[in-house]
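Visitor:
Numbering (our numbering), first residue to last: 6 to 232.
Written out as structure tokens, the structure is:
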């Protein structure tokens with residue numbers, strides 16, 4: 006079983022939504038030379054678009070989602086950054102904020118061995134989730150359709166990384182209190198969405214083993230920030 010980078014899941018979900026019948030391939034992560042050639046940082050996700058002659062590369066998960074949305078938009082209508090100019094700007098602001106306060110902080114919470122630092126990271130995540138709850142229209146952030154905001158946080162807040170990894174290693178859970186009720190409604194809707202079902206890992210034990218070296222501080226990584 007291959008446990009992919011959660012940033013990849015965002016991008017694959019975007020493809021599932023915008024081009025469910027499209028033809029695309031997911032190259033193996035072992036193709037290090039191709040990855041470094043296409044992305045100077047050598048990180049995933051990286052899109053290599055070979056459709057129009059000279060291949061072009063796009064990287065950084067949020068930029069990849071916007072690229073996919075523009076490439077596969079239906080008659081010029083955005084699917085993942087919907088609405089007018091303000092709502093699209095709002096989507097970018099929220100996805101950037103949540104990428105920092107949830108995706109990046111997920112790793113901060115796991116990597117830190119100091120309890121005070123863990124508590125600070127946990128409070129940052131809970132604060133971001135609470136703000137998300139207060140803004141989320143339901144069933145998804147902007148209403149009936151998934152957007153870049155939902156895709157930004159789903160890999161961390163829904164499924165194995167939240168209910169397996171964080172619960173197991175840091176005893177972190179979203180409180181089941183009224184102010185967080187919107188989160189649980191949103192989570193349940195995400196778990197039923199075909200794009201999430203097609204990409205999510207259901208093997209909690211395998212996911213927990215993958216993140217063991219992060220939780221015990223032995224992970225050899227250059228930076229914890231999710232790209």
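Note that the Cβ used here is the ideal one computed from N, Cα and C, for glycine as well.
What residue from 134, 99, 82 and 61 has the CA that sits closest to residue 183's CA?
Guide: Nearest option by C-alpha distance: 134.
Visitor: Quick check on the DSSP output: the alpha helix (DSSP H) that includes residue 82 runs from which residue to which?
Guide: Element bounds for residue 82: n/a, residue is neither H nor E.
Visitor: Between which two residues does the beta strand (DSSP E) holding residue 64 run?
Guide: Residues 61-64.
Visitor: Can you have a look at residue 119 and say buried or exposed, based on whether 16 or more other CB atoms are within 10 angstroms of its CB?
Guide: Under this definition residue 119 is an exposed residue.
Visitor: Distance check for residue 176 and residue 188, CA to CA, integer angstroms please.
Guide: Cα-Cα distance, rounded: 18 Å.
Visitor: So which of 116, 75 and 95 has the shortest CA-CA distance to residue 170?
Guide: For residue 170, the nearest C-alpha among the options comes from 116.
Visitor: So, do the segment 141-155 and the segment 190-200 have three or more beta carbon pairs nearer to each other than 8 Å?
Guide: Touching, yes, given that three or more Cβ pairs across the two stretches are closer than 8 Å.
Visitor: By how many angstroms is the C-alpha of residue 54 removed from the C-alpha of residue 217?
Guide: Computed Cα separation, rounded: 34 Å.
Visitor: Roughly how many whole angstroms lie between the Cα atoms of residue 34 and residue 65?
Guide: Per-residue confidence for residue 34 stands at a pLDDT of 45, beneath the threshold of 50, marking its modelled position as unreliable; the derived number appears in the next sentence. Computed Cα separation, rounded: 16 Å.
Visitor: Tell me whether residue 214 is buried or exposed, calling it buried when 16 or more other Cβ atoms sit within 10 Å of its Cβ.
Guide: That one is exposed.
Visitor: Look at the alpha carbon of residue 109 and the alpha carbon of residue 129, and state the distance between them as a whole number of angstroms.
Guide: Roughly 11 Å between the two C-alpha positions.
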